[in-house]
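Chains as they are written, first to last, in our numbering: chain A, 78 to 184; chain B, 4 to 171.
Just so you know, even glycine gets a beta-carbon here, dropped at the ideal spot from N, CA and C.
Here is the structure we will look at.
In structure tokens:
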């Protein structure tokens, strides 16, 4: 493997795929609800990296890939705010932060 | 030179992302998340997306990570005390992750990707192109995003604020 070969789209896509899988692992294995949200941020960033790299490596590069990443960032910020607000509300009421103990609506 | 920089950033990203999901202390995980997001911003700079790199630092590190640290501090019982991973879920989680990796690998192998280095753009100003898109073809999604953020703001106040009234 030649380390000095130019970076191609495949490099970025493989890196984003690995980041996505690490994020999925974290979202499933974490017990703490804040930890799950942080792992989800990694997943969002993997997707954003894919968008930006795909836009840059098109035969005629344009800004649409970056545009989609921008929308994903806005949606991720809204998701993060609401998720953390819900965690805080549950913590105030029931003093739990572990996702498997939040079973009030289960039965 | 650029390739070596890419590999260094990729290694830093994977190590810090791994520490985000495996760190026993949730506070350390949040700090590693800031590192991972910063490396992603550096990768955006490598791809020429300077505006997105600035947004990444401002919104993700400046707002999302800080917000997460706030909530970690407000749910005080877990700070300092190591946050145990749900041990019985480690193997299923690794399995789900590996299967996702297989899925992506198959998709990558089947798609025809443009090989070779990034095409030369002759110093295009991506930031102004982005602005033209946002107020041109994509003005409706742009406005919808502002509605989404307003709705999220109101919902967050409604969720956290209501609880305080009940305590009185």
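Quiz item: residue 116/B CB to nearest chain A CB: under 9 Å?
Solution: yes
Quiz item: chain A partners of residue 64/B, CB-CB under 9 Å?
Solution: The premise fails here: residue 64/B is roughly 11 Å from chain A at the closest Cβ pair, so nothing lies under 9 Å.
Practice problem: Return the CA-CA distance between residue 37/B and residue 118/A, expressed in angstroms with no decimal places. | Solution: 10 Å
Self-check item: Pairwise C-alpha distance: residue 121/A and residue 128/B
Solution: 25 Å
Quiz prompt | residue 171/B classed as buried or exposed, judged by whether at least 16 other C-beta atoms fall within 10 angstroms | solution = Because the pLDDT of residue 171/B is 47, which lies under 50, any placement of that residue in the model is unreliable, and the number read from its coordinates should be weighed accordingly. Exposed is the call here.
Quiz item: Thinking just about the alpha-carbon of each residue, which of 156/A, 85/A and 147/A is nearest to the one in residue 136/B?
Solution: 147/A
Practice problem: Please list, in chain order, all residues of the same chain as residue 133/B whose beta carbon is under 7 Å from its beta carbon, the five residues on each side excluded. | Solution: 54
Quiz prompt | Member of 105/B, 22/B, 146/B and 52/B whose CA lies at the smallest distance from the CA of residue 141/A | solution = 52/B
Quiz item: Exposed or buried, which one is residue 76/B when buried takes at least 16 other CB atoms within 10 Å?
Solution: By the Cβ-count criterion, residue 76/B is exposed, with fewer than 16 other Cβ atoms from all chains shown falling within 10 Å of its own Cβ.
Quiz item: Where do the N-terminal and C-terminal ends of the alpha helix (DSSP H) with residue 141/B fall, by residue?
Solution: Element bounds for residue 141/B: n/a, residue is neither H nor E.
Quiz prompt | Whole-number beta carbon distance between residue 96/A and residue 123/A, since they are thought to touch under 8 Å | solution = 4 Å
Exercise. Confirm, please, whether the CB-CB distance from residue 137/A to residue 95/B is below 9 Å.
Key: no
Self-check item: residue 139/A at chain B interface by Cβ criterion, 9 Å
Solution: yes
Quiz item: Tell me which same chain residues have a C-beta within less than 7 Å of the C-beta of residue 167/A, skipping the five on either side of it?
Solution: In the same chain as residue 167/A, and ignoring 5 residues on each side of it, the C-beta atoms closer than 7 Å to its own belong to 173 and 179, in chain order.
Self-check item: Nearest candidate by alpha-carbon position, reference residue 15/B, set 46/B, 60/B and 66/B
Solution: The alpha carbon of residue 15/B has as its nearest neighbour, out of 46/B, 60/B and 66/B, the alpha carbon of 46/B.
Quiz prompt | Contact with chain B by residue 118/A, beta-carbon distance below 9 Å | solution = yes
Quiz item: For residue 175/A, which residues does DSSP report across the bridge?
Solution: 109/A
Quiz item: Relative to the C-alpha of residue 164/A, which residue among 143/B, 71/B and 6/B is closest?
Solution: 71/B
Quiz item: Assuming residue 73/B and residue 60/B make a contact with CB atoms under 8 Å, what is their CB distance in whole Å?
Solution: Rounded, the Cβ-Cβ distance is 18 Å, inconsistent with contact.
Quiz item: Nearest-angstrom Cα distance between residue 26/B and residue 125/B?
Solution: 43 Å
Self-check item: Outcome for residue 190/A when other beta-carbon atoms lying within 10 angstroms are tallied against a minimum of 16
Solution: The shown model of chain A, from 78 to 184, leaves out residue 190/A, and the question about it has no answer.
Practice problem: Within the same chain, show all residues whose beta-carbon is closer than 7 Å to that of residue 156/A, passing over the 5 residues directly before and after it, in chain order. | Solution: none
Quiz item: Where does residue 115/B fall in DSSP's three states?
Solution: coil
Quiz item: Tell me which same chain residues have a C-beta within less than 6 Å of the C-beta of residue 125/A, skipping the five on either side of it?
Solution: 146 and 149
Quiz item: Going by other Cβ atoms of all chains shown within 10 Å of its Cβ, with 16 needed for buried, is residue 143/A buried or exposed?
Solution: buried
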